[in-house]
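Peer 1:
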Amino acid sequence: MQIYISEEAVVADIQDRFQTIYPFLKLEFFRKPHAEGEYSPEDEKISPDTLIEKIRTRYACGWIDISYYRTAAAVEYDFSHIFGLNVQILRKAGTLWLETIRTDNWTLEELNNAGKPAKSRPFQLPDASDNDNE
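Under UniProt numbering, think of the first position of the sequence shown as 1, with each following residue one higher.
#1: Leaving out the 5 sequence neighbours to the left and right, which residues in its chain are closer than 8 Å to Pro117 when beta-carbon positions are compared?
#2: Looking at the secondary structure, which residues open and close the alpha helix (DSSP H) in which Ile14 lies?
#3: Rounding to the nearest angstrom, what Cα-Cα distance links Phe30 and Asp13 in this structure?
#4: Look at the alpha carbon of Leu96 and the alpha carbon of Thr103, and state the distance between them as a whole number of angstroms.
#5: Using the beta-carbon count (16 or more within 10 Å), is Gly115 buried or exposed?
#6: For Thr100, count neighbouring Cβ atoms within 10 angstroms of its own Cβ and tell me buried if that reaches 16, exposed if not.
#7: What are the uninterrupted segments assigned as alpha helix (DSSP H) that are 4 or more residues long and contained completely in the region 60-107, given in chain order?
#8: State the CB to CB distance for the pair Ala72 and Ile89, rounded to an integer number of angstroms; the pair is presumed to be in contact (CB under 8 Å).
#9: Would you identify the three-state DSSP class for Lys119, choosing helix, strand or coil?
#10: State the Cα-Cα distance for the pair Ile3 and Glu44, rounded to the nearest angstrom.
Below, the structure written as structure tokens:
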């Protein structure tokens, strides 16, 4: 799976394509890179309507590999080193979005699966017949 990064694209285009493939993950763009193991400051977040051309530091267009087996760290690295874009992948946790700083070594598939809501089963009292064996 790949996403094409063009100079005409806006941040929201890339975010939407990413989230279509990984509905429990989110891609956020920031003005500055984050250090390994650190959070990206909220006030550095880039607006979704920003043109990619305005924020990238490397003037390349092309494809970025977001295959399910790639780690969050590898994808973030490629955005930075190929296109000069500072991104952070976030995982859904209930109603919150968590930056993947401690799970950057997980694959996109693992992160997306971890973001899925837990399947809840209705509570049932045990059958009376289950107590007969005691």
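All C-beta atoms in this analysis are idealised placements derived from N, C-alpha and C, irrespective of residue type, glycine included.
Peer 2: The short version:
#1: Translated into positions along the sequence shown, residue 117 becomes position 117. Here the set comprises Gly94.
#2: Residue 14 sits at position 14 when you count from the first residue of the sequence shown. If you look at Ile14, you'll find it in the alpha helix (DSSP H) that goes 11-21.
#3: Taking the sequence shown and counting its residues from 1, one reaches residue 30 at position 30. Taking the sequence shown and counting its residues from 1, one reaches residue 13 at position 13. Whole-angstrom Cα-Cα distance: 15 Å.
#4: Numbered from its first residue, the sequence shown carries residue 96 at position 96. Numbered from its first residue, the sequence shown carries residue 103 at position 103. Leu96 and Thr103: Cα-Cα distance of roughly 16 Å.
#5: If you number the sequence shown from 1, residue 115 lands on position 115. If you draw a 10 Å sphere on the C-beta of Gly115, you find 16 or more other C-beta atoms in it, and that means buried.
#6: Mapped onto the sequence shown, residue 100 falls at position 100. Result: buried.
#7: Entirely contained in the region 60-107, the alpha helix (DSSP H) runs reaching 4 residues are, in chain order, 72-83.
#8: Translated into the one-based positions of the sequence shown, residue 72 becomes position 72. Translated into the one-based positions of the sequence shown, residue 89 becomes position 89. Going by Cβ atoms, the distance from Ala72 to Ile89 rounds to 4 Å, so yes, they are a contact pair.
#9: As a first step, residue 119 is located in the sequence shown; it is residue number 119 there, counting from the start. Note: Lys119 maps to coil in three-state DSSP.
#10: Looking up residue 3 in the sequence shown gives position 3. Looking up residue 44 in the sequence shown gives position 44. Taking the straight line from one Cα to the other gives about 24 Å.
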